[in-house]
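Below: the structure, in structure tokens.
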Amino acid sequence: MHTRYFICLALALFGLMSCNQAQKGVTEQEALNQATGPFIGLDGDTLQKVEKTDKEWKAELSEQAYYVLRQAGTERAFTGNFWNNKKKGVYICAGCGLPLFSSATKFESGTGWPSFWEPIRKENILEVVDKAYGMTRTEVRCARCGGHQGHVFDDGP
129 MHTRYFICLA LALFGLMSCN QAQKGVTEQE ALNQATGPFI GLDGDTLQKV EKTDKEWKAE
189 LSEQAYYVLR QAGTERAFTG NFWNNKKKGV YICAGCGLPL FSSATKFESG TGWPSFWEPI
249 RKENILEVVD KAYGMTRTEV RCARCGGHQG HVFDDGP
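For the sequence shown, my numbering gives the first residue as 129, with consecutive numbering after it.
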């Protein structure tokens with residue numbers, strides 16, 4: 129059984145890069161290579177961290193994106209544009225553009241949020257213990273900017 133990455137994000141939180149790339153005939157790996165430019169070393173280099181003040185994040189992000197990414201909020205189930213998206217592509221962090229998940233590992237969880245059984249690269253995410261609300265869970269964050277992406281559940285495919 130694989131670990132399931134249960135991602136609860138607003139429309140503003142993930143850009144689906146496949147729309148433009150599919151029309152140009154770009155493969156998923158080519159899209160990943162293009163998107164990774166200055167902040168991912170494909171040879172195992174470390175990520176260049178994005179550090180901004182709270183004021184800078186508020187100025188750059190929509191209110192909903194700020195709530196989810198910076199305050200670990202959650203959008204309502206079945207409301208985001210990507211929970212039922214069937215297009216092929218790469219899901220990126222809305223805070224910094226780091227490629228996080230591929231449509232190839234997305235599956236129907238029935239939860240109303242996008243769910244993936246693995247990240248594009250394990251180095252691109254951080255797993256953090258979350259003890260909020262009287263329970264212990266694993267929170268998923270972007271390794272580059274620290275943006276909240278959702279939680280892990282161990283009942284995926």
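A virtual CB, placed ideally from N, CA and C, is assigned to each residue, including glycine.
These figures come from a predicted structure and were not determined experimentally.
Using the Cα positions of LYS183 and THR233, report the straight-line distance between them to the nearest angstrom. Taking the straight line from one Cα to the other gives about 35 Å.
For PRO227, list the residues DSSP reports as bridge partners. Beta-bridge annotation (DSSP): PRO227 is paired with ILE220.
Contact belief for ASN252 with LEU228 at Cβ below 8 Å, rounded distance in angstroms: Yes, they are in contact, since the Cβ atoms of ASN252 and LEU228 sit about 6 Å apart, within 8 Å.
For PRO285, count neighbouring Cβ atoms within 10 angstroms of its own Cβ and tell me buried if that reaches 16, exposed if not. Per the 10 Å Cβ criterion, exposed.
Would you give the residue range spanned by the beta strand (DSSP E) that LEU189 belongs to? Looking at the DSSP string, LEU189 is not in any beta strand (DSSP E), and its letter there is neither H nor E.
Do GLU267 and VAL256 come within 8 Å of each other at the CB atom, strictly closer than that value? It is a contact, given that the beta carbons lie within the stated cut-off.
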